[in-house]
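Asker: The opening residue of the sequence shown carries number 4 in the working numbering; numbering runs sequentially from there. Beta carbons are placed, not taken as given, at the ideal position from N, Cα and C, and that holds for glycine. I have a structure I would like to understand better, so I am pasting it below and will then ask my questions one at a time.
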Amino acid sequence: MDFLKKGENTLIKSIKKSSKSLLALSMIMFLSACGNDASSENKVDTGNTQLVSATVIDDINASTMLAYVKGAIDSNATNAFAYKAVKITYNTVNEDDTPVVASGLLVIPTATDAYQAYRASQGLSPFSVSMICENHGTIFADSDAPTKQEIANGKPDYATAVLMTGYAGFASIDPDYIGFGESKGTVHPYIIKKASARASLDMIKASMKYMEDNGIALNHQLYISGYSEGGYIAMATAQKVEDELSSVNLMGVAPMAGPYNVKDLADIEIDETRTMVYPAFLADLAYSYDHYYGDVNMSEIANSAITFPQFQLAFNGDYDTVAIHTILGLADPANNDYGFYTHKAFELFSTDFINDYQNNANSPVKIRFEENNLDNWVPRSKMNLIQCIDDEIIPFSESQNTYNKFLANGVDVTLTAIPTAMLSQQQDATHPFVHANCGATAYGAAVKWFAAIRNGDI
Numbered sequence: 004m005d006f007l008k009k010g011e012n013t014l015i016k017s018i019k020k021s022s023k024s025l026l027a028l029s030m031i032m033f034l035s036a037c038g039n040d041a042s043s044e045n046k047v048d049t050g051n052t053q054l055v056s057a058t059v060i061d062d063i064n065a066s067t068m069l070a071y072v073k074g075a076i077d078s079n080a081t082n083a084f085a086y087k088a089v090k091i092t093y094n095t096v097n098e099d100d101t102p103v104v105a106s107g108l109l110v111i112p113t114a115t116d117a118y119q120a121y122r123a124s125q126g127l128s129p130f131s132v133s134m135i136c137e138n139h140g141t142i143f144a145d146s147d148a149p150t151k152q153e154i155a156n157g158k159p160d161y162a163t164a165v166l167m168t169g170y171a172g173f174a175s176i177d178p179d180y181i182g183f184g185e186s187k188g189t190v191h192p193y194i195i196k197k198a199s200a201r202a203s204l205d206m207i208k209a210s211m212k213y214m215e216d217n218g219i220a221l222n223h224q225l226y227i228s229g230y231s232e233g234g235y236i237a238m239a240t241a242q243k244v245e246d247e248l249s250s251v252n253l254m255g256v257a258p259m260a261g262p263y264n265v266k267d268l269a270d271i272e273i274d275e276t277r278t279m280v281y282p283a284f285l286a287d288l289a290y291s292y293d294h295y296y297g298d299v300n301m302s303e304i305a306n307s308a309i310t311f312p313q314f315q316l317a318f319n320g321d322y323d324t325v326a327i328h329t330i331l332g333l334a335d336p337a338n339n340d341y342g343f344y345t346h347k348a349f350e351l352f353s354t355d356f357i358n359d360y361q362n363n364a365n366s367p368v369k370i371r372f373e374e375n376n377l378d379n380w381v382p383r384s385k386m387n388l389i390q391c392i393d394d395e396i397i398p399f400s401e402s403q404n405t406y407n408k409f410l411a412n413g414v415d416v417t418l419t420a421i422p423t424a425m426l427s428q429q430q431d432a433t434h435p436f437v438h439a440n441c442g443a444t445a446y447g448a449a450v451k452w453f454a455a456i457r458n459g460d461i
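Encoded structure:
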């Protein structure tokens with residue numbers, strides 16, 4: 004399995020590098036959708052405290068983008084948008100209430116004169132910009148952060164931004180997350196709703212400030228998406244936006260394959276006999292909760308064979324999945340053990356902790372997981388839960404159960420269940436996880452849905 008020998012984070016990289024699989028999505032309604040985005044008269048008060056700096060990374064004209072779009076997404080495309088990628092640094096607040104200067108990628112579309120003329124010929128208002136706050140899946144290496152990817156590649160190669168901005172004409176707002184990009188060195192608050200939502204909300208505010216200061220015609224429509232960890236953050240951010248940014252028009256939220264009920268998922272994983280599919284996720288969760296919660300102690304959680312300095316090294320932003328497994332003693336690449344499906348939960352967690360978690364209703368860790376659940380509120384905005392049915396990392400029940408709860412509470416919610424047979428990337432030796440392979444198809448479904456809302460079709 005060569006992909007494992009390279010030590011790549013296969014989940015996020017397969018999503019970001021599978022742009023060509025988007026050909027199979029046949030999203031032919033984008034151009035008509037871009038023709039009817041309804042403007043809002045609301046003027047969002049973005050404030051002036053979030054934005055710290057802005058640096059243009061890429062500025063690519065529409066004709067060049069059209070070539071990228073034809074090669075990566077839709078060979079029949081006749082229109083694309085100019086693509087301006089900007090690194091945004093901004094002020095936010097971490098889980099422990101300490102100030103953090105974080106970063107993210109803002110990609111802004113510009114319509115061509117020909118497209119503006121087409122709109123005028125159809126009696127439509129001039130093109131204005133709707134926004135998608137896109138929250139990426141779990142990463143461990145800082146080099147995988149959106150700003151780092153865009154800078155390193157020197158071209159519009161951040162797949163979701165090419166799809167959302169170059170093709171569909173949305174501004175793509177992509178937080179790096181606390182702990183990556185400008186804030187590398189800070190422990191990433193992994194699956195912690197308050198800090199995650201605050202960082203994405205402040206990135207939205209900073210991005211809007213930059214666009215307004217630079218004369219971008221915003222219509223103040225906001226959409227929110229995210230996959231895996233990003234699905235969790237998308238839902239947390241939606242709640243934060245509804246509570247604190249009421250003057251923006253939150254049009255639709257598409258969380259994809261996220262752990263919306265953290266405790267339910269932990270109840271499955273924290274089991275002595277459980278074979279861990281992807282130990283790095285669980286280890287990162289333990290490390291993050293130990294750091295941000297005083298009543299969660301790594302010395303009580305972790306197997307005594309794994310020292311705290313090993314966790315610090317593993318999650319310092321320099322290593323990817325297989326290297327992390329190796330550092331924690333949960334992989335032996337020389338013997339073709341890369342840590343996937345090969346180790347039991349008791350090799351990461353102490354037996355005493357597992358027993359206490361399973362039998363003690365007042366377990367501090369269990370209580371913290373419950374605090375971070377996201378299926379216990381009532382969204383006011385349209386919600387589309389998107390996930391592959393055969394996801395082996397995040398059980399489909401996470402989406403199904405959340406959908407059932409929302410539906411019972413009168414939420415305008417859709418459940419988009421994707422059969423594995425629909426995926427353009429099927430499982431094989433180099434793409435073994437449905438969770439990762441589903442990413443491109445899920446994003447296509449999300450942006451189709453956003454475009455239909457923008458077009459007034461939903």
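Do F143 and A283 come within 8 Å of each other at the CB atom, strictly closer than that value?
Answerer: Counted from its first residue, the sequence shown places residue 283 at position 280. Counted from its first residue, the sequence shown places residue 143 at position 140. Contact: yes.
Asker: Let me check understanding here. Comparing Cα to Cα, which of D205, H139 and I271 lies closest to I396?
Answerer: Your numbering for residue 396 matches position 393 in the sequence shown. That would be I271, whose Cα lies nearest to the Cα of I396.
Asker: Would you check if the distance between the CB atom of R371 and the CB atom of V299 is smaller than 8 Å?
Answerer: Sequence index remark: in the sequence shown, residue 371 carries index 368 (1-based). Sequence index remark: in the sequence shown, residue 299 carries index 296 (1-based). Closer than 8 Å, so yes.
Asker: Which first and last residues belong to the alpha helix (DSSP H) in which E373 is found?
Answerer: Residue mapping note: residue 373 aligns to position 370 of the sequence shown, counting from 1. P367 to E374 is the extent of the alpha helix (DSSP H) around E373.
Asker: Can you give the Cα-Cα distance for Q152 and N363, rounded to whole angstroms?
Answerer: Along the sequence shown, one-based indexing puts residue 152 at 149. Along the sequence shown, one-based indexing puts residue 363 at 360. Approximately 44 Å, taken between the alpha carbons.
Asker: Between which residues of its own chain and Y226 is the CB-CB distance below 6 Å, once the five residues before and five after are set aside?
Answerer: On the sequence shown, position 223 is the one that residue 226 refers to. Closer than 6 Å at the Cβ level, and outside the excluded window around Y226, lie I135, M254, G255 and F453.
Asker: Going by beta carbon distance, what residues of the same chain come within less than 8 Å of Y296, once the five residues before and after it are set aside?
Answerer: Translated into the one-based positions of the sequence shown, residue 296 becomes position 293. Here the set comprises P367 and R371.
Asker: Taking A85 as the reference, give the member of H328, Y93, D99 and A114 with the closest Cα.
Answerer: Stepping through the sequence shown from its first residue, residue 85 is reached at position 82. Per the Cα distances, A114.
Asker: Go ahead and label G140 buried or exposed: buried means 16 or more other beta carbons lie within 10 angstroms of its beta carbon, across all protein chains shown.
Answerer: To locate residue 140, count along the sequence shown from 1; it is residue 137. Flag for G140 reads buried.
Asker: Using a beta-carbon distance below 8 Å, is I392 in contact with chain C?
Answerer: Protein chain content of the structure displayed is limited to a single chain, and chain C is not contained in it.
Asker: Our contact map puts S3 next to Q224 with C-beta atoms below 8 Å; I'd like the distance itself, whole angstroms only.
Answerer: An answer regarding residue 3 cannot be provided, because it is not within the stretch 4 to 461 covered by the chain.
Asker: Please return the same chain residues whose Cβ sits closer than 6 Å to the Cβ of F183, not counting the five positions on each side in sequence.
Answerer: For the purposes of this step, residue 183 is taken as residue 180 along the sequence shown, with counting starting at 1. Result list for F183: D145 and A148, in chain order.
Asker: Could you give the first and the last residue of the continuous beta strand (DSSP E) run that contains Y226?
Answerer: As a working note, residue 226 is residue 223 in the sequence shown. L221 to Y230 is the extent of the beta strand (DSSP E) around Y226.
Asker: Here's a check: name, in chain order, each residue in its chain whose Cβ is nearer than 7 Å to the Cβ of P192, leaving out the five neighbours to either side.
Answerer: On the sequence shown, position 189 is the one that residue 192 refers to. If we look at P192 and ignore the five residues flanking it on each side, its Cβ neighbours are N97, E98, I181, A198, S199, S291 and Y295.
Asker: Y344 and A334 - do their beta-carbons sit closer together than 8 Å?
Answerer: Position 331 of the sequence shown holds residue 334. Position 341 of the sequence shown holds residue 344. Cβ distance not < 8 Å, so A334 and Y344 don't count as in contact.
Asker: Does DSSP put K385 in a helix, a strand or coil?
Answerer: Numbered from its first residue, the sequence shown carries residue 385 at position 382. Here K385 sits in coil by DSSP.
Asker: Going by alpha carbons, who is nearest to A57 out of A83, N79 and Y93?
Answerer: Along the sequence shown, one-based indexing puts residue 57 at 54. Selected option, being the one with the closest Cα: Y93.
Asker: Classify G255 as helix, strand or coil using the three-state DSSP reduction.
Answerer: Numbered from its first residue, the sequence shown carries residue 255 at position 252. Looking at G255 - three-state DSSP - the assignment turns out to be strand.
Asker: Under 8 Å, with one C-beta from each stretch per pair, do the stretch 228 to 235 and the stretch 437 to 449 reach the 3-pair mark?
Answerer: Short answer: they touch.
Asker: Curious, which full-length alpha helix (DSSP H) runs of at least 4 residues does the stretch 311 to 337 contain?
Answerer: With a minimum length of 4 residues, the continuous alpha helix (DSSP H) runs that stay inside the stretch 311 to 337 are 311 to 317 and 324 to 330.
Asker: Alpha carbon to alpha carbon, how far is P112 from F349?
Answerer: For the purposes of this step, residue 112 is taken as the residue at position 109 of the sequence shown. For the purposes of this step, residue 349 is taken as the residue at position 346 of the sequence shown. The alpha-carbon atoms of P112 and F349 are separated by roughly 49 Å.
Asker: With respect to the alpha helix (DSSP H) encompassing I304, which residues constitute its N-terminal and C-terminal limits?
Answerer: As a working mapping, residue 304 is identified with position 301 in the sequence shown. Looking at the DSSP string, the run of the alpha helix (DSSP H) that includes I304 is M301 to I304.
Asker: What's the C-alpha gap between S186 and D321?
Answerer: Sequence index remark: in the sequence shown, residue 186 carries index 183 (1-based). Sequence index remark: in the sequence shown, residue 321 carries index 318 (1-based). Computed Cα separation, rounded: 13 Å.
Asker: Look at the alpha carbon of A2 and the alpha carbon of P398, and state the distance between them as a whole number of angstroms.
Answerer: For residue 2 there is no data in the structure shown, the boundaries of the chain being 4 and 461.
Asker: Is it right to say D355 is buried, meaning 16 or more other beta carbons lie within 10 angstroms of its own, or is it exposed?
Answerer: The sequence position of residue 355 within the sequence shown is 352, counting from 1. With fewer than 16 Cβ atoms within 10 Å of its Cβ, D355 is classed as exposed.
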